[in-house]
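>
Number of protein chains: 2
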Amino acid sequence: MFFEGSEKKAEVIINDRQLSLLDDVNDEFWARLVSASNARILSCIKNESCKAYLLSESSLFVWHDRFLILTCGVTQLVNSIEFFIHELGINKIEQVTYQRKNEYFSHAQPSCFGDDAKRLAKYVSGKAYRFGPMDSHHNYLFHQDNHFRADINAKSYQLLAYQISRQASALLTTKNLAVERIRDFFCLDEILAGFTIDDFVFQPFGYSLNAIFEDQYLTIHVTPQADSSYVSFEANFDLITLATKILAILQPASFDLLSFNELSFAEKVVDSVPQDYISKSLVSEKLSNGYQVHFANFIREQVAYTRPIFLDIAEENHTL
Amino acid sequence: MFFEGSEKKAEVIINDRQLSLLDDVNDEFWARLVSASNARILSCIKNESCKAYLLSESSLFVWHDRFLILTCGVTQLVNSIEFFIHELGINKIEQVTYQRKNEYFSHAQPSCFGDDAKRLAKYVSGKAYRFGPMDSHHNYLFHQDNHFRADINAKSYQLLAYQISRQASALLTTKNLAVERIRDFFCLDEILAGFTIDDFVFQPFGYSLNAIFEDQYLTIHVTPQADSSYVSFEANFDLITLATKILAILQPASFDLLSFNELSFAEKVVDSVPQDYISKSLVSEKLSNGYQVHFANFIREQVAYTRPIFLDIAEENHTL
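Those protein sequences? They're chains A and B, same order as listed.
FYI, the numbering for the first sequence is 57 to 376, going by this note's numbering.
FYI, the numbering for the second sequence is 57 to 376, going by this note's numbering.
#1: Between residue 269/A and residue 289/A, is the Cβ-Cβ spacing less than 7 Å?
#2: Whose Cβ in chain A lies nearer than 8 Å to the Cβ of residue 278/B?
#3: If you follow the alpha helix (DSSP H) that residue 336/B is in, where does it begin and where does it stop?
#4: Count the other C-beta atoms from every protein chain shown that fall within 10 angstroms of the C-beta of residue 65/B, then say buried if there are 16 or more, exposed otherwise.
#5: Would you decide whether residue 230/A is buried or exposed? Buried here means 16 or more other CB atoms lie within 10 Å of its CB.
#6: Report the start-end ranges of each beta strand (DSSP E) in the segment 281–342 of chain A that is 3 residues or longer and not cut off at the edges.
#7: Is there a Cβ of chain A sitting closer than 7 Å to that of residue 210/B, yes or no?
#8: Using the DSSP secondary-structure output, state which residues sit across from residue 168/A in a beta bridge.
#9: Alpha carbon to alpha carbon, what distance is there between residue 80/A and residue 72/A?
#10: Taking 7 Å as the cut-off, decide whether the C-beta atoms of residue 134/B and residue 83/B are in contact.
#11: Which residues of the segment 244–267 of chain B have a Cβ closer than 8 Å to any Cβ of chain A? Give them in chain order.
#12: How is the alpha helix (DSSP H) around residue 135/B delimited, first residue to last?
#13: So what does DSSP say about residue 220/A, is it helix, strand or coil?
#14: Using a Cβ-Cβ cut-off of 7 Å, state whether residue 175/A counts as contacting chain B.
#15: Does any residue of chain B bring its CB to less than 7 Å from the CB of residue 160/A?
#16: How many Å lie between residue 63/A and residue 351/A at the Cα?
#17: So if I threshold CB-CB distances at 7 Å, which residues from the segment 331–346 of chain B count as touching chain A?
#18: How would you list, in chain order, the residues of chain A whose beta-carbon sits under 9 Å from the beta-carbon of residue 146/B?
#19: Indicate whether at least one CB of chain B lies closer than 7 Å to the CB of residue 168/A.
#20: Beta carbon of residue 196/A, beta carbon of residue 161/A: below 7 Å?
#21: Are the CB atoms of residue 292/A and residue 273/A nearer to each other than 7 Å?
#22: Can you confirm whether residue 149/B, when its beta carbon is compared against all beta carbons of chain A, has any partner nearer than 7 Å?
#23: Should residue 143/B and residue 335/A be called a contact, given that it needs their Cβ atoms to be closer than 7 Å?
#24: What's the gap between the Cα of residue 301/A and the Cα of residue 115/A?
#25: With DSSP as the reference, please indicate the residues paired to residue 273/A in a beta bridge.
#26: According to DSSP, is residue 159/B helix, strand or coil?
#27: Let's see if you can read the secondary structure: which residues bound the beta strand (DSSP E) around residue 110/A?
#28: Suppose you measure from the CA of residue 110/A to the CA of residue 102/A; what does that come to, to the nearest Å?
#29: Using 10 angstroms around the beta-carbon of residue 342/A, count the other beta-carbons present and answer buried if the total reaches 16, otherwise exposed.
#30: Does the separation of the CB atoms of residue 113/A and residue 87/A fall below 7 Å?
#31: Any Cβ of chain A within less than 7 Å of the Cβ of residue 376/B?
#32: Runs of 3 residues minimum, wholly inside the segment 189–252 of chain B: which ones carry the beta strand (DSSP E) assignment?
#33: Between the Cα of residue 151/B and the Cα atoms of 255/B, 338/B and 176/B, which residue gives the shortest distance?
#34: Counting C-beta neighbours from all protein chains within 10 Å, is the total for residue 366/B 16 or more, i.e. buried, or is it exposed?
#35: In angstroms with no decimal places, state the Cα-to-Cα distance between residue 326/B and residue 178/A.
#36: Count the other CB atoms within 10 Å of the CB of residue 303/A; is the residue buried (16 or more) or exposed (fewer)?
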């Protein structure tokens with residue numbers, strides 16, 4: 057069974073100080089926004105700074121002046137951005153950032169990044185980049201190109217782990233796994249002390265977590281099946297320093313680090329990434345919207361020959 | 057400008073000793089077979105053992121008892137195999153092997169490997185494998201599963217180079233480049249002494265070569281544009297030993313080696329691949345049709361940060 061864990065991600069910031077997306081916009085609006093992408097809301101947690109919706113495909117975070125949405129699978133996130141622009145009016149949009157990573161199986165996607173960027177460019181003039189080579193892990197990024205300049209303190213981090221260890225995959229695909237066991241596995245008590253947590257175990261497997269504390273968030277999404285495993289972490293606190301711990305837990309064959317406005321990215325990477333990982337790609341750029349973006353992909357050397365994956369031709373799936 | 061260099065490849069062997077595909081089947085048949093994939097024949101060279109057609113998208117080789125076809129771009133090679141089976145009749149088919157590597161941009165392909173394998177499985181019962189991880193370079197392989205056992209001397213080799221050096225890309229994208237200059241660049245006089253050569257420079261760039269000597273062949277296909285460059289070598293003589301020379305010429309950031317029935321693959325790789333390349337994937341399998349298949353992907357460590365690729369949203373292409 058194959059599931060495309062790779063996320064599309066959008067952040068939209070509004071310029072209307074009279075309007076709070078957190079306080080003035082109701083759940084029904086966000087449900088409609090999410091359903092525009094073909095996802096749905098499962099649950100919600102909230103504090104005075106932030107609201108976090110757990111989705112059938114990933115997560116939505118809402119603050120007073122912005123929202124952040126991540127959707128995976130074959131969802132079409134660009135539809136949600138379009139919905140928001142139509143509902144609020146283009147004049148209230150301060151900044152749109154849209155990011156999409158290369159999929160495991162892009163052939164099954166309803167659109168490619170180029171299609172998405174063209175859709176967005178109908179509403180906002182923007183720039184598009186690819187971080188990382190075409191033939192390997194990469195992230196596409198579209199951002200609105202206007203007067204907006206991001207606060208240098210608006211930092212965010214992603215750690216994307218591929219091909220986790222056989223042991224990690226086995227544990228995370230255990231039948232009827234309790235959330236507590238997954239929280240223990242990720243040592244979340246330690247990482248998320250004081251956070252409000254909302255998490256969900258999917259059937260037959262898969263795990264999503266939202267955690268908030270004041271305006272801080274962490275979201276984890278786990279697609280654990282061996283051979284196409286993928287675990288993503290996204291937070292607005294430092295995940296590079298946490299990478300040592302996360303990598304020890306998951307032992308992925310390959311992983312990506314991505315950050316916005318972490319100016320010590322390179323130094324932190326040197327300190328936190330174990331020596332047995334080799335940097336395959338290192339890309340950085342200061343965008344015209346003020347975000348300093350870093351992308352890095354790491355791999356481990358394979359020294360022993362393994363066997364290929366046998367594919368069941370008759371099976372109706374997209375693993376082929 | 058983007059062109060999908062990644063090839064699909066098929067080898068079909070017949071069991072009718074009264075029929076020679078080389079002597080008894082005319083050019084018009086092969087032209088129809090090729091056009092079934094949406095490619096066309098550009099030229100042909102021939103000797104007593106083998107005929108080599110240069111195609112608008114890659115190459116076709118015909119021997120007495122088999123043919124080998126490689127097509128790139130958005131061609132649908134499985135159509136050509138289906139054409140052949142329909143024309144000759146399924147009873148004359150001894151063995152079908154179909155191989156497809158991961159594309160740069162699979163979203164633009166008319167089918168995925170799963171679709172192709174299902175099409176083939178309607179005619180011949182077979183097995184399918186993936187060599188290499190889903191999130192990185194990999195090759196899909198389908199082969200008919202019957203009484204056929206490949207001759208242990210039926211060896212073949214592929215060397216696939218990605219992200220060739222800036223210098224190599226610059227030279228190979230030079231306007232109005234003469235074939236002689238490309239032959240010099242690849243030191244073909246040395247590699248192909250005694251071979252009959254048929255080569256072609258595409259506009260605005262791109263290069264294909266077929267070379268035959270008795271029953272030996274080499275085919276080279278060059279998609280030279282920076283950022284999505286790809287150069288493939290396929291031959292039935294040892295390309296692993298030649299890899300040292302080819303890698304020195306192209307200096308790719310990443311490359312794959314693949315072989316059928318090279319039993320000293322691992323040892324030769326150790327001897328021929330320069331130390332600055334790291335093995336990212338190593339896969340091997342003895343197929344039930346007798347072919348011992350090896351696949352290896354190598355990368356170079358990137359130590360300095362580079363800038364992302366800027367994408368022109370308005371441009372009508374598939375580089376996004």
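In this text, a Cβ means the ideal position worked out from N, Cα and C, and glycines have one as well.
Predicted, not measured: the structure shown is a model, and the values here were computed from it.
To lay it out plainly:
#1: Against the first sequence, residue 269/A aligns to sequence position 213. Against the first sequence, residue 289/A aligns to sequence position 233. Contact flag unset, no.
#2: The residue labelled residue 278/B in the question sits at position 222 within the second sequence. Residues of chain A passing the Cβ test: none, with the nearest at roughly 16 Å.
#3: As a first step, residue 336/B must be located in the second sequence, where it is residue number 280. Not the alpha helix (DSSP H): residue 336/B falls in the beta strand (DSSP E), residues 333–342.
#4: Position 9 of the second sequence, counting from 1, holds the residue named residue 65/B. Buried.
#5: Translated into positions along the first sequence, residue 230/A becomes position 174. So residue 230/A ends up on the exposed side.
#6: Qualifying beta strand (DSSP E) stretches, in chain order: 286–291, 310–316 and 333–342.
#7: Counting from one through the second sequence, the residue named residue 210/B turns up at place 154. Under the Cβ criterion of 7 Å, residue 210/B is not counted among the residues facing chain A.
#8: Indexing the first sequence from 1 puts residue 168/A at position 112. Beta-bridge partners assigned by DSSP to residue 168/A: none are found.
#9: For this step, residue 72/A is matched to residue 16 along the first sequence. For this step, residue 80/A is matched to residue 24 along the first sequence. Cα to Cα, residue 72/A sits roughly 12 Å from residue 80/A.
#10: Looking up residue 134/B in the second sequence gives position 78. Looking up residue 83/B in the second sequence gives position 27. For residue 134/B and residue 83/B, no; Cβs fall outside 7 Å.
#11: Residues passing the 8 Å Cβ filter: none.
#12: For this step, residue 135/B is matched to residue 79 along the second sequence. Start and end: 133–144.
#13: Stepping through the first sequence from its first residue, residue 220/A is reached at position 164. Note: residue 220/A maps to coil in three-state DSSP.
#14: Within the first sequence, numbered from 1, the residue matching residue 175/A stands at position 119. Contacts with chain B at 7 Å (Cβ-Cβ) do not include residue 175/A.
#15: The sequence position of residue 160/A within the first sequence is 104, counting from 1. Yes, because at least one Cβ of chain B sits closer than 7 Å to the Cβ of residue 160/A.
#16: As a working note, residue 63/A is residue 7 in the first sequence. As a working note, residue 351/A is residue 295 in the first sequence. Cα to Cα, the separation comes out at about 15 Å.
#17: For the segment 331–346 of chain B, which is checked against every Cβ of chain A, the residues closer than 7 Å are 334, 335, 336, 337, 338, 339, 340 and 341.
#18: In the second sequence, counting from the first residue as 1, residue 146/B sits at position 90. Those do not exist, as residue 146/B stays about 18 Å from chain A at its closest Cβ, beyond 9 Å.
#19: The count along the first sequence starts at 1 and reaches residue 168/A at position 112. Using a Cβ-Cβ cut-off of 7 Å, residue 168/A counts as an interface residue toward chain B, since at least one Cβ of chain B sits closer than that to its own.
#20: Position 140 of the first sequence, counting from 1, holds the residue named residue 196/A. Position 105 of the first sequence, counting from 1, holds the residue named residue 161/A. No, they are not a contact pair.
#21: Translated into positions along the first sequence, residue 292/A becomes position 236. Translated into positions along the first sequence, residue 273/A becomes position 217. In this structure, the beta-carbon distance from residue 292/A to residue 273/A falls below 7 Å.
#22: Indexing the second sequence from 1 puts residue 149/B at position 93. With 7 Å as the cut-off, residue 149/B does not count as an interface residue toward chain A.
#23: Counting from one through the second sequence, the residue named residue 143/B turns up at place 87. Counting from one through the first sequence, the residue named residue 335/A turns up at place 279. With contacts defined by Cβ atoms closer than 7 Å, residue 143/B and residue 335/A do not form a contacting pair.
#24: Within the first sequence, the letter at position 245 stands for residue 301/A. Within the first sequence, the letter at position 59 stands for residue 115/A. Rounded to whole angstroms, residue 301/A to residue 115/A spans 23 Å at the Cα level.
#25: Here the question's residue 273/A lines up with position 217 in the first sequence. Paired residues: 268/A.
#26: One-based indexing of the second sequence puts residue 159/B at position 103. Note: residue 159/B maps to coil in three-state DSSP.
#27: In the first sequence, the residue the question calls residue 110/A occupies position 54. It spans 107–111 - the beta strand (DSSP E) in which residue 110/A sits, taken as one unbroken run.
#28: Position 54 of the first sequence, counting from 1, holds the residue named residue 110/A. Position 46 of the first sequence, counting from 1, holds the residue named residue 102/A. Looking at the two C-alpha atoms, the distance is approximately 11 Å.
#29: Position 286 of the first sequence holds residue 342/A. Classification for residue 342/A: exposed.
#30: The residue labelled residue 113/A in the question sits at position 57 within the first sequence. The residue labelled residue 87/A in the question sits at position 31 within the first sequence. Pairing residue 113/A with residue 87/A gives a Cβ-Cβ distance that is not under 7 Å.
#31: By one-based count along the second sequence, residue 376/B stands at place 320. The predicted position of residue 376/B is uncertain, since its pLDDT is 49 and thus under 50; a value taken from the coordinates is nonetheless stated next. Against chain A, the CB of residue 376/B has a partner CB under 7 Å away; the residue lies at that interface.
#32: Runs found: 195–200 and 212–218.
#33: Against the second sequence, residue 151/B aligns to sequence position 95. For residue 151/B, the nearest C-alpha among the options comes from 176/B.
#34: In the second sequence, counting from the first residue as 1, residue 366/B sits at position 310. The residue in question, residue 366/B, is exposed, as its Cβ has fewer than 16 Cβ neighbours within 10 Å.
#35: By one-based count along the second sequence, residue 326/B stands at place 270. By one-based count along the first sequence, residue 178/A stands at place 122. So the two alpha carbons sit approximately 53 Å from each other.
#36: Numbered from 1 along the first sequence, position 247 holds the residue referred to as residue 303/A. Label assigned to residue 303/A: buried.
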